[in-house]
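The structure appears below as structure tokens.
Chains as they are written, first to last, in this note's numbering: chain A, 33 to 94; chain B, 10 to 166.
Here you go:
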């Protein structure tokens, strides 16, 4: 496939928007970030990991 | 524990400290670096903290102690860099409480020193999202002989 300049521009815009999304989340108040962390824990708690080491996991009760 | 003299100083480190500065990252525990009180070195350092918290009714789960619903891991200060980091911790607010939290610059330096895969991932986040003081970081890296390691990391990024 030939490089498509228009598509590449679009992809660049998407990358920039993603970057901005992460930067915006980094600027949230810590209380909001901890809420997001607990949501992440709820989502990830049952997902098995590749690590052989059994890690203690619990969703924070706050 | 500070007022009771069980620990001389403390600061939150690890992923939770990182979350103060960058986008939330998944973690299940809260790391607290601390300096034990006089005469409580080695294994006594940890047992004095755990015994105190157990007496208060908190439960132990593996290497963690569950404090108010959060698994906390207490880590005695283990080298000069971590000691300096705790001494220079920021006083930050969480809800109505002020807590000692390692600064971004010291967190990055400690991650460079420990260099586990997850540390490397987190350093990338700091480079992308953090707003750390480059000059301050340079000084810390220079003092603890970590400049080369950080330079290599930056080039790879």
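Using N, Cα and C, we set each Cβ at its ideal position, and we do this for glycine too.
query, result
"Partner residues on chain A for residue 117 of chain B, Cβ-Cβ distance less than 9 Å", "What residue 117 of chain B touches in chain A: nothing, since even the nearest Cβ is about 14 Å away."
"C-beta neighbour in chain B for residue 66 of chain A, strict 9 Å", "yes"
"Contact list for residue 137 of chain B against chain A, beta-carbon separation under 8 Å", "51, 54 and 55"
"Beta carbon proximity, residue 90 of chain A to chain B, threshold 9 Å", "yes"
"Chain B residues whose Cβ lies nearer than 8 Å to that of residue 155 of chain A", "The question about residue 155 of chain A has no answer here: the residues shown for chain A are numbered 33 through 94."
"Cβ distance (whole Å) where residue 130 of chain B is taken to contact residue 58 of chain A below 8 Å", "Incorrect: roughly 15 Å between the Cβ atoms, too far for contact."
"Rounded distance between the beta-carbons of residue 56 of chain B and residue 15 of chain B, thought under 8 Å", "So it is not a contact: roughly 11 Å between Cβ atoms."
"Rounded C-alpha distance that separates residue 112 of chain B from residue 33 of chain A", "48 Å"
"Expected contact under 8 Å - CB spacing of residue 37 of chain B and residue 88 of chain A to nearest Å", "7 Å"
"Residues that residue 94 of chain A contacts on chain B, provided the C-beta gap is smaller than 9 Å", "77, 78 and 79"
"Cβ of residue 76 of chain A within 9 Å of any chain D Cβ", "As a matter of chain content, chain D is missing from the structure shown, whose protein chains are A and B."
"Residue 144 of chain B: first and last residue of the uninterrupted alpha helix (DSSP H) it sits in", "143-152"
"Residue of B:117, B:153 and B:125 minimising C-alpha distance to residue 142 of chain B", "B:117"
"Pair within 9 Å by beta-carbon distance, residue 39 of chain B and residue 86 of chain B", "no"
"Candidates A:44, A:54, A:49 and A:61, of which the one nearest residue 103 of chain B by Cα", "A:61"
"Same chain, Cβ closer than 6 Å to residue 159 of chain B, five either side skipped, listed in chain order", "121 and 150"
"Heavy atom of the ligand ADP within 8 Å of residue 20 of chain B beta-carbon", "Judged by which ligands are present, the structure shown has none, so any question about the ligand ADP falls away."
"Beta-carbon proximity check, residue 43 of chain B vs residue 19 of chain B, cutoff 9 Å", "yes"
"Near-chain A residues of the region 34-48 of chain B - C-beta to any C-beta below 9 Å", "34, 35, 36, 37, 38 and 39"
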